[in-house]
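Q: Let me begin by handing over the structure; questions about it come next.
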Amino acid sequence: MTIRQMKRTYFVIMMAILWSAVNSEAGYQITFTPRISVNTDYSDNLFLQSENEAYDYITVISPGFTAQAMNRTWNVTLSYDTGYSCYEKFVQYNTLRHNAQLTGGIGFTKHTRLDFKNTFLLTEEDVTKVEEAGSETEESPLTEPKTHVAEKETVRRTREQHYSDDMLVVLTHQFGEADIFNAKYAYNILNNEDPTVQDTTRHNPSLSFVYWPLPGQFGVNASLSYKREERSDTAEQAGYWEESVIPSVGVKYWFIPRQLGIEADIFYTKEDFLDISDGRNKWDKSLKPSIRLIFKPASGRLGFESSLVNTGALASDPTRDFDNWQGSMKISRQLTKQLEGFFQYTHTVMDFKGNGENYSVYDPSVGITYTFAEGLPLTFSLGYFIRNKAQSEDDAALALNGNLGKTWNFNRHGSVSLTTSSGYDEDYIGAERLGFGIYYDAKSTAKYAFSKYLSADLYGSFRRDKYTDLETTRNDETRELGSGLTFQKNPWVIRVDYTRRTIDSTLSENDYDENRITLKVVLSPFRPIRLND
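With numbering that gives the first Met the number 0, the residue at position 174 of the sequence shown is 173, and numbering never jumps.
Have a look at this one:
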């Protein structure tokens, strides 16, 4: 889809929705909020180089608006900003930017709803600011579960334009108190003018349902997911494609409601892909049954959870077949009404049928869970895992996991949020098999309001991915630290922001440090403008 087609799509959808609103018999409301901003950036390493760093000043004047239409059964919001980026030194990169987001939903009946979200971005910028820890968004069907994914994106060394379009559509139907059916479709595209960066396209439709024939006691679930990803050729990298089909079924039975239960699931994965090492089409298949026992006593006695998971994989190349077993147990005790302590142990055994070195992973940890008055949990755990390999040197690492579960306000003026996760990955299926990996991921944000109009924030992130099974060990580390000062008095918002970003990579050409200072001034009315009576 071209940029012109993207713009036309946004315009047609918005006009159709507004026309429906005007002709709707039910009451509706249309609001419009215009804005204009002036943004000046200074970067001391514009092209993210490890040597021969170049600086520049970039000024962007950006008009924009947010339009919203809603009534009792549906809503739609279009947010759009455009601007022209002006470089002081490297004027050849002067260009237009576009940033648009269309979100909304419609309730067909009391129990059936369609939600959608589409985000389009056209820019020449290299990287975007990291997501703040604990950034709270309202739970909705569009909220996707977050899992650890190794970074695979190439560092951009130029300021060539690129655009991305991300779309998610979710149909939800609830046919019982806890019975629900979901149909989702996600689409992502990245197109680059830089010939050294791969273009990507992803499609991911999926279906899932949960049904409790005996409410609160016996339930069944099933899902079906299809994924396809395509990456283009570049002068330095061969393109490839991969697609997978993943059906699953599961059952849950509570012998004593909410206290003693058992869960069983089975996943089947069929993945086809182009192997870039020899240019041949190949496949992987895996079957993953699992069983889990749960005991949560109502009193302060010991609780117990135990699970066993087996992953058996076959490949078009028999030397990549393997059998993986993972068992875990968790013992917990309610120390007070709000505080729970726990001990957890996970043991993994990997048995390669062809190439590959067998290993076992020993992973003990201890932790606590504190539940706030509003029901939100704070969880922290500390552990140490060892991978004992059959022949070569062992791997070992500290594992720290934590989540405040919300933004914590420590007084009327300040707040803090924190998320940390660490552990290990096992990635032996598909086109990009990274093998055994150790990762650390942490984000934190602190905010403080000095007065009604003046506030400050401090944010940071740390990410490390280490994969030792590759021919060349991959060990990438990304650190970002920033702070900002915001003055807000309607209709003005003025913000000064400083960010330092550092990447240490196994490939020295990917290393860089960048310091960036941003001054942003926004003018917008205090209240949205009502377009209808």
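The beta-carbon is built from N, C-alpha and C at its ideal position, and this holds for glycine as well.
Would you mind sorting Thr444 into buried or exposed? The rule is 16 or more other CB atoms within 10 Å of its CB.
A: buried
Q: Across which residues does DSSP place Lys329 in a beta bridge pair?
A: Glu304 and Gln343
Q: Take Glu137 and list the residues in its own chain whose beta-carbon comes closer than 8 Å to its own, dropping the five residues that flank it on each side.
A: Because Glu137 sits at a pLDDT of 44, beneath the cut-off of 50, its placement in the model cannot be relied upon, and the point is left open.
Q: For the candidate residues Asp232, Thr370 and Thr347, whose alpha-carbon lies nearest to that of Lys336?
A: Of Asp232, Thr370 and Thr347, the residue nearest in Cα terms is Thr370.
Q: Checking the sheet assignment: what are the DSSP bridge partners for Trp211?
A: Partner(s): none; Trp211 has no beta bridge.
Q: Decide if Trp282 is buried, meaning its Cβ has at least 16 other Cβ atoms within 10 Å, or exposed.
A: exposed
Q: With a 10 Å radius around its C-beta and 16 neighbouring C-beta atoms as the bar for buried, classify Ala132 as buried or exposed.
A: The predicted model places Ala132 with a pLDDT of 39, which falls under 50 and marks its position as unreliable; any figure quoted below should be read in that light. The residue in question, Ala132, is buried, as its Cβ has 16 or more Cβ neighbours within 10 Å.
Q: Determine which residues share a DSSP beta bridge with Phe461 and list them.
A: Answer is Ala441 and Arg478.
Q: Quick check on Gln258: buried or exposed, where buried means 16 or more other Cβ atoms within 10 Å of its Cβ?
A: exposed
Q: What are the residues that DSSP puts in a beta bridge with Thr30?
A: Gln67 and Arg529
Q: Quick one, are the C-beta atoms of Glu356 and Gln390 less than 8 Å apart?
A: Cβ atoms of Glu356 and Gln390: closer than 8 Å.
Q: Give, in chain order, every unbroken run of the beta strand (DSSP E) that is at least 3 residues long and sits entirely within the segment 201 to 271.
A: 217 to 230 and 239 to 255
Q: For Phe119, report the span of its beta strand (DSSP E) as first-last.
A: Thr111 to Thr122
Q: Applying the 10 Å Cβ sphere with the 16-neighbour rule, what's the burial state of Arg411?
A: exposed
Q: From His597 to Glu176, what does the alpha carbon distance come to, in whole angstroms?
A: Nothing can be reported for residue 597, as the shown portion of the chain is limited to 0 through 532.
Q: Pick from Leu113, Thr30, Val59 and Thr471: whose alpha carbon is nearest that of Ala66?
A: Thr30
Q: Skipping 5 residues on each side, what residues in its chain have a beta carbon closer than 6 Å to that of Thr39?
A: Around Thr39, the same chain offers Thr58 and Leu518 as residues with beta carbons nearer than 6 Å, after the five sequence neighbours per side are excluded.
Q: So Asp165 is in the beta strand (DSSP E); what residue range does that whole segment cover?
A: His161 to Gln173
Q: So, with DSSP's three-state summary, where would you put Arg386?
A: strand
Q: Around the C-beta of Arg515, are 16 or more other C-beta atoms found within 10 angstroms, so that it is buried, or is it exposed?
A: buried
Q: Among the residues of its own chain, which have a CB less than 6 Å from the CB of Leu485, if the five just before and after it don't count?
A: Checking the sequence shown, residue 485 turns out to be Thr, not Leu. Counting only Cβ-Cβ distances below 6 Å, and skipping sequence neighbours, we find Ser454 and Arg494.
Q: Determine whether the beta carbon atoms of Ser327 and Gly302 lie at a separation below 8 Å.
A: no
Q: Kindly indicate which residue of Ile437, Asn408 and Val415 has the alpha-carbon position closest to the one of Gly540.
A: Missing from the structure shown is residue 540; the chain here goes from 0 to 532 and no further.
Q: Report yes if the CB atom of Ala430 is closer than 8 Å to the CB atom of Tyr239, and no otherwise.
A: yes
Q: Excluding five sequence neighbours on each side, which residues of the same chain lie with their C-beta closer than 6 Å to the C-beta of Ser305?
A: Leu292 and Met328
Q: For Ser298, is the classification buried or exposed, using 16 other Cβ atoms within 10 angstroms of its Cβ as the cut-off for buried?
A: exposed
Q: Start and end of the beta strand (DSSP E) containing His97?
A: Thr94 to Gly106
Q: Leaving out five residues before and five after Thr102 in sequence, what residues of the same chain have Cβ atoms less than 6 Å from its Cβ?
A: Thr76 and Lys116
Q: From Asp125, Thr406 and Ser42, pick the residue whose C-alpha is nearest to that of Leu377; which is it?
A: Thr406
Q: Using DSSP with H/G/I as helix, E/B as strand and the rest coil, what is Asp394?
A: strand
Q: Is any heavy atom in the ligand SAM found nearer than 7 Å to the beta carbon of Leu213?
A: Of the ligands one can find in the structure shown there are none, so the ligand SAM has no counterpart to examine.
Q: Which partner residues does Val520 have in the DSSP bridge list?
A: Val37 and Ile493
Q: Based on Cα-Cα distance, which residue from Thr32, Ser207 and Tyr344 lies nearest to Ile528?
A: With distances taken between CA atoms, Ile528 lies nearest to Thr32 out of Thr32, Ser207 and Tyr344.
Q: Check whether the Cβ atoms of Asp43 and Glu479 sit closer than 8 Å, and answer yes or no.
A: no
Q: With burial defined as no fewer than 16 other Cβ atoms inside 10 Å of the residue's Cβ, what is the status of Asp164: buried or exposed?
A: buried
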